[in-house]
Every structure is written in C-alpha cells, then in structure tokens.
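Here is the structure we will look at, set down as structure tokens.
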Amino acid sequence: MKNYMIENFENLDAVSCPCGLTKRAFVMPENKIASIHLVDISEDAKVHYHKKMTEIYVILEVEGNAYMELDGAKVPIKPLHTIFIKPGCRHRAVGKMKILNIPIPAFDPNDEYFD
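Quick note on the numbering used here: the sequence shown kicks off at -18 and runs consecutively.
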C-alpha cells in the first residue's frame, strides 16, 4: 500500500446520513485514522452523538439563517467557520448548508447514537 491515498468527491456516490446526503472519502477497512466527508445538510438533520469519534466541521456554504445545535446551544455559523465536536456532544445542523466533516478516527457507522 502506498503512503498516500487520493479520492475525488466527484467520483463518490452520495449516501443518506442523519444530516442529509454525504460523500465519504477514505472510508475503508484498512484505514482507521481519519476520513473526510462532503455533506449537503438538509433542514431536518437529526440530533446525534458519537462515543469515540471527534468531528471537525468546516462550513463551506450556508443558506439563510442556518446554525449548529451543540449540546442544546444554538450557535450561528457562516462560511469558513470551523467546529470541533468532541465525543458525547449531541449535535445537529439546522438549515441548509454544505460542510466538510473530518471524523477522527475514521468514520464508523456503529459509532452513531440517537436519544
């Protein structure tokens, strides 16, 4: 295996997630370190949390008065804001936006919890 990986979001299929639709790069069994997701967030994102994953959100685009809900607090966001979400933080995006999400360790669908 090479010491690097390259993915093109244009070549990845979008899949449903609690936030809308996501394209997930570097999600593969041999990679446990980190992944990166291009996410189109819909207005009906579901509150969720992770027990192991930390997530870093990079806000790319925002429509209207979108915000993040972080442990119940409403946090206004704008393009190029970044958010560091620790394990256990209940979170969701409210409104329409496009983000990059960097899960560390790499995304694991078994580490997604809903109240």
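Glycine residues also receive a C-beta, built at the ideal position from the N, C-alpha and C atoms.
Starting from residue 99, trace the beta strand (DSSP E) in both directions and tell me its first and last residue.
For the chain, the structure presents residues -18 to 96; residue 99 sits outside this window and is missing.
Hey, how far is the Cα of residue 12 from the Cα of residue 2?
Along the sequence shown, read from residue 1 onward, the residue named residue 12 stands at position 31. Along the sequence shown, read from residue 1 onward, the residue named residue 2 stands at position 21. Rounded to the nearest angstrom, the two C-alpha atoms are 22 Å apart.
Inter-residue spacing [alpha-carbon to alpha-carbon] between residue 90 and residue 96:
Along the sequence shown, one-based indexing puts residue 90 at 109. Along the sequence shown, one-based indexing puts residue 96 at 115. Approximately 16 Å, taken between the alpha carbons.
Assuming residue 20 contacts residue 82 under a Cβ cut-off of 8 Å, what Cβ separation, rounded to an integer in Å, is found between them?
One-based indexing of the sequence shown puts residue 20 at position 39. One-based indexing of the sequence shown puts residue 82 at position 101. Right, their Cβ atoms sit about 5 Å apart.
What does residue 56 pair with, by DSSP beta-bridge criteria?
Within the sequence shown, numbered from 1, the residue matching residue 56 stands at position 75. DSSP lists 49 as partners of residue 56.
Would you decide whether residue 38 is buried or exposed? Buried here means 16 or more other CB atoms lie within 10 Å of its CB.
In the sequence shown, the residue the question calls residue 38 occupies position 57. So residue 38 ends up on the buried side.
DSSP three-state label for residue 21, please.
In the sequence shown, counting from the first residue as 1, residue 21 sits at position 40. Per DSSP, reduced to three states, the secondary structure at residue 21 is strand.
Assuming residue 43 and residue 60 are in contact, meaning their beta carbons sit under 8 Å apart, how far apart are those beta carbons, in whole angstroms?
Your numbering for residue 43 matches position 62 in the sequence shown. Your numbering for residue 60 matches position 79 in the sequence shown. The pair is a contact, with the Cβ atoms about 6 Å apart (cut-off 8 Å).
Look at the alpha carbon of residue 141 and the alpha carbon of residue 46, and state the distance between them as a whole number of angstroms.
Missing from the structure shown is residue 141; the chain here goes from -18 to 96 and no further.
Please name the residue in -15, -14 and 25 whose C-alpha comes closest to that of residue 72.
Against the sequence shown, residue 72 aligns to sequence position 91. The shortest C-alpha separation from residue 72 is found at 25.
With burial defined as no fewer than 16 other Cβ atoms inside 10 Å of the residue's Cβ, what is the status of residue 36: buried or exposed?
By one-based count along the sequence shown, residue 36 stands at place 55. Buried, because 16 or more other Cβ atoms sit within 10 Å of the Cβ of residue 36.
Report the partner residues of residue 82 according to the DSSP bridge assignment.
As a position in the sequence shown, residue 82 is number 101, starting the count at 1. Partner(s): 18 and 38.
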